[in-house]
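Residue numbers (the working numbering): 2 to 201. These notes are about the structure you will find just below.
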(Lines of atoms letter the chains of each structure in order from A and count residues from 1; the text may use other names and numbers.)
(Lines give C-alpha, C1' and ligand atoms only; values in the text may rest on other atoms or scores of the structure.)
Protein backbone atom coordinates (compact mmCIF):
# COMPACT_ATOMS: atom_id res chain seq x y z
CA UNK A 1 0.00 0.00 0.00
CA UNK A 2 1.20 3.53 -0.71
CA UNK A 3 2.64 5.32 2.28
CA UNK A 4 0.56 8.48 2.06
CA UNK A 5 2.29 10.05 5.06
CA UNK A 6 5.62 9.94 3.25
CA UNK A 7 4.08 11.56 0.18
CA UNK A 8 2.43 14.23 2.37
CA UNK A 9 5.83 15.00 3.95
CA UNK A 10 7.35 15.28 0.48
CA UNK A 11 4.54 17.60 -0.58
CA UNK A 12 5.16 19.83 2.46
CA UNK A 13 8.87 19.99 1.59
CA UNK A 14 8.01 20.98 -1.96
CA UNK A 15 5.57 23.65 -0.75
CA UNK A 16 8.24 25.11 1.54
CA UNK A 17 10.68 25.22 -1.37
CA UNK A 18 13.10 22.74 0.21
CA UNK A 19 12.82 20.36 -2.75
CA UNK A 20 11.92 21.11 -6.36
CA UNK A 21 8.86 19.87 -8.27
CA UNK A 22 11.09 17.46 -10.22
CA UNK A 23 12.60 16.03 -7.01
CA UNK A 24 9.12 15.69 -5.51
CA UNK A 25 7.81 13.76 -8.53
CA UNK A 26 10.91 11.52 -8.79
CA UNK A 27 10.82 10.60 -5.08
CA UNK A 28 7.07 10.07 -5.16
CA UNK A 29 7.43 7.67 -8.11
CA UNK A 30 10.11 5.71 -6.22
CA UNK A 31 7.82 5.45 -3.18
CA UNK A 32 4.91 4.31 -5.34
CA UNK A 33 7.06 1.74 -7.17
CA UNK A 34 8.25 0.34 -3.85
CA UNK A 35 4.73 0.17 -2.44
CA UNK A 36 3.07 -1.31 -5.54
CA UNK A 37 4.70 -4.70 -4.94
CA UNK A 38 3.58 -4.84 -1.29
CA UNK A 39 0.23 -6.48 -1.97
CA UNK A 40 0.19 -10.25 -1.68
CA UNK A 41 -1.96 -12.66 -3.64
CA UNK A 42 -4.09 -13.49 -0.59
CA UNK A 43 -4.55 -9.80 0.27
CA UNK A 44 -5.56 -9.05 -3.31
CA UNK A 45 -8.18 -11.82 -3.17
CA UNK A 46 -9.51 -10.61 0.20
CA UNK A 47 -9.79 -7.07 -1.18
CA UNK A 48 -11.55 -8.43 -4.25
CA UNK A 49 -14.39 -9.74 -2.06
CA UNK A 50 -14.38 -6.89 0.47
CA UNK A 51 -14.72 -4.33 -2.33
CA UNK A 52 -17.42 -6.21 -4.26
CA UNK A 53 -19.54 -3.08 -4.57
CA UNK A 54 -16.80 -0.43 -4.47
CA UNK A 55 -16.80 1.34 -7.82
CA UNK A 56 -14.64 4.32 -6.80
CA UNK A 57 -10.91 4.33 -6.39
CA UNK A 58 -8.19 2.42 -8.16
CA UNK A 59 -6.85 -1.15 -8.37
CA UNK A 60 -3.34 -2.22 -9.36
CA UNK A 61 -2.53 -5.03 -11.76
CA UNK A 62 -1.93 -7.36 -8.80
CA UNK A 63 -5.33 -6.47 -7.35
CA UNK A 64 -6.94 -7.41 -10.67
CA UNK A 65 -4.94 -10.41 -11.90
CA UNK A 66 -4.53 -12.38 -8.64
CA UNK A 67 -8.33 -12.65 -8.16
CA UNK A 68 -8.66 -13.47 -11.87
CA UNK A 69 -6.24 -16.39 -11.45
CA UNK A 70 -7.93 -17.65 -8.27
CA UNK A 71 -11.36 -17.41 -9.92
CA UNK A 72 -10.12 -19.44 -12.89
CA UNK A 73 -8.91 -22.14 -10.49
CA UNK A 74 -12.22 -22.11 -8.58
CA UNK A 75 -14.17 -22.35 -11.86
CA UNK A 76 -11.95 -25.27 -12.98
CA UNK A 77 -12.57 -27.13 -9.71
CA UNK A 78 -16.33 -26.45 -9.97
CA UNK A 79 -16.38 -27.77 -13.54
CA UNK A 80 -14.41 -30.86 -12.58
CA UNK A 81 -16.34 -31.77 -9.43
CA UNK A 82 -19.84 -31.03 -10.70
CA UNK A 83 -19.03 -32.46 -14.14
CA UNK A 84 -18.14 -35.80 -12.50
CA UNK A 85 -21.31 -35.65 -10.36
CA UNK A 86 -23.44 -34.96 -13.44
CA UNK A 87 -21.90 -37.94 -15.26
CA UNK A 88 -22.47 -40.25 -12.26
CA UNK A 89 -26.05 -39.04 -11.73
CA UNK A 90 -26.67 -38.71 -15.49
CA UNK A 91 -28.14 -35.25 -14.94
CA UNK A 92 -26.68 -32.13 -16.60
CA UNK A 93 -28.26 -29.83 -14.00
CA UNK A 94 -25.53 -30.82 -11.52
CA UNK A 95 -22.93 -29.39 -13.90
CA UNK A 96 -24.70 -26.19 -14.97
CA UNK A 97 -26.56 -24.83 -11.92
CA UNK A 98 -23.55 -24.51 -9.54
CA UNK A 99 -21.46 -22.96 -12.33
CA UNK A 100 -24.19 -20.41 -13.11
CA UNK A 101 -24.55 -19.61 -9.39
CA UNK A 102 -20.77 -19.14 -9.14
CA UNK A 103 -20.90 -16.73 -12.09
CA UNK A 104 -23.69 -14.73 -10.42
CA UNK A 105 -21.78 -14.56 -7.12
CA UNK A 106 -18.63 -13.30 -8.89
CA UNK A 107 -20.44 -10.86 -11.20
CA UNK A 108 -20.31 -7.71 -9.04
CA UNK A 109 -16.80 -8.25 -7.61
CA UNK A 110 -15.53 -8.80 -11.19
CA UNK A 111 -17.23 -5.66 -12.48
CA UNK A 112 -16.07 -3.57 -9.52
CA UNK A 113 -12.40 -4.61 -9.74
CA UNK A 114 -12.42 -4.11 -13.53
CA UNK A 115 -13.82 -0.58 -13.14
CA UNK A 116 -11.18 0.23 -10.49
CA UNK A 117 -8.42 -1.24 -12.72
CA UNK A 118 -9.45 1.07 -15.57
CA UNK A 119 -9.57 3.97 -13.10
CA UNK A 120 -5.94 3.16 -12.25
CA UNK A 121 -5.16 3.73 -15.93
CA UNK A 122 -7.09 7.01 -15.89
CA UNK A 123 -9.85 5.51 -18.05
CA UNK A 124 -13.62 5.77 -17.66
CA UNK A 125 -15.80 2.95 -16.33
CA UNK A 126 -17.64 3.07 -19.68
CA UNK A 127 -14.52 1.66 -21.34
CA UNK A 128 -14.32 -1.03 -18.67
CA UNK A 129 -17.84 -2.12 -19.56
CA UNK A 130 -17.40 -1.98 -23.38
CA UNK A 131 -17.50 -5.77 -24.00
CA UNK A 132 -20.59 -6.02 -21.78
CA UNK A 133 -22.38 -3.33 -23.80
CA UNK A 134 -21.66 -5.25 -27.00
CA UNK A 135 -22.92 -8.50 -25.45
CA UNK A 136 -26.05 -6.71 -24.25
CA UNK A 137 -26.58 -5.41 -27.79
CA UNK A 138 -26.26 -8.92 -29.21
CA UNK A 139 -28.68 -10.21 -26.55
CA UNK A 140 -31.12 -7.42 -27.45
CA UNK A 141 -31.03 -8.39 -31.12
CA UNK A 142 -31.63 -12.04 -30.22
CA UNK A 143 -34.50 -11.04 -27.91
CA UNK A 144 -36.18 -8.96 -30.66
CA UNK A 145 -35.89 -11.84 -33.11
CA UNK A 146 -37.32 -14.36 -30.59
CA UNK A 147 -40.08 -11.93 -29.59
CA UNK A 148 -41.18 -11.46 -33.21
CA UNK A 149 -41.06 -15.22 -33.83
CA UNK A 150 -43.04 -15.96 -30.65
CA UNK A 151 -45.80 -13.54 -31.64
CA UNK A 152 -45.80 -14.91 -35.16
CA UNK A 153 -45.14 -11.44 -36.56
CA UNK A 154 -43.14 -11.21 -39.79
CA UNK A 155 -39.95 -9.15 -39.67
CA UNK A 156 -39.76 -6.67 -42.54
CA UNK A 157 -36.87 -6.93 -44.98
CA UNK A 158 -35.57 -3.50 -43.84
CA UNK A 159 -35.62 -4.60 -40.19
CA UNK A 160 -33.94 -7.89 -41.11
CA UNK A 161 -31.20 -5.97 -43.00
CA UNK A 162 -30.61 -3.57 -40.07
CA UNK A 163 -30.46 -6.46 -37.60
CA UNK A 164 -28.04 -8.33 -39.87
CA UNK A 165 -25.72 -5.31 -40.17
CA UNK A 166 -25.80 -4.74 -36.39
CA UNK A 167 -25.11 -8.43 -35.77
CA UNK A 168 -22.10 -8.41 -38.10
CA UNK A 169 -20.75 -5.17 -36.56
CA UNK A 170 -21.16 -6.52 -33.04
CA UNK A 171 -19.62 -9.86 -34.04
CA UNK A 172 -16.52 -8.15 -35.48
CA UNK A 173 -16.18 -5.52 -32.75
CA UNK A 174 -16.45 -7.89 -29.75
CA UNK A 175 -13.12 -9.72 -30.30
CA UNK A 176 -11.33 -6.47 -31.25
CA UNK A 177 -12.65 -4.62 -28.19
CA UNK A 178 -11.88 -7.63 -25.97
CA UNK A 179 -8.23 -7.75 -27.15
CA UNK A 180 -7.77 -3.99 -26.62
CA UNK A 181 -9.46 -4.35 -23.24
CA UNK A 182 -7.12 -7.16 -22.11
CA UNK A 183 -4.03 -5.28 -23.31
CA UNK A 184 -5.11 -2.22 -21.30
CA UNK A 185 -5.66 -4.36 -18.19
CA UNK A 186 -2.04 -5.53 -18.44
CA UNK A 187 -0.59 -2.00 -18.52
CA UNK A 188 0.84 -0.40 -15.37
CA UNK A 189 -1.34 2.19 -13.66
CA UNK A 190 -0.64 5.91 -13.68
CA UNK A 191 2.10 6.85 -11.24
CA UNK A 192 0.38 10.12 -10.39
CA UNK A 193 -2.93 11.02 -8.83
CA UNK A 194 -5.83 11.20 -11.26
CA UNK A 195 -9.50 12.10 -10.92
CA UNK A 196 -10.22 8.62 -9.56
CA UNK A 197 -7.81 8.87 -6.64
CA UNK A 198 -4.22 8.43 -5.57
CA UNK A 199 -2.03 5.64 -6.97
CA UNK A 200 -1.91 2.43 -4.95
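By construction, the Cβ of each residue, glycine as well, lies at the ideal position given by its N, Cα and C atoms. Quick caveat: nothing in here was measured; it's all calculated off a predicted structure.
Distance from the CA of residue 80 to the CA of residue 181, rounded to the nearest whole angstrom, comes to 28 Å.
By DSSP's assignment, residue 138 forms no beta bridge with any residue. In the structure shown, residue 198 falls within a strand segment according to DSSP collapsed to helix, strand and coil. Runs of alpha helix (DSSP H) with 4 or more residues, each lying fully within the segment 88-155, are found at 94-121, 126-129 and 131-152, listed in chain order.
If the five residues before and after residue 63 are omitted, its C-beta is found closer than 6 Å to the C-beta atoms of 40 and 45, all from its own chain and listed in chain order.
By alpha-carbon distance to residue 75, the top candidate from 57, 103 and 53 is 103. Only exposed fits residue 141, as fewer than 16 other CB atoms lie within 10 angstroms of its CB.
Fewer than three pairs of CB atoms, one per stretch, sit closer than 8 Å, so the segment 106-123 makes no contact with the segment 77-92. Residue 44 sits in a helix when the DSSP states are folded into three classes.
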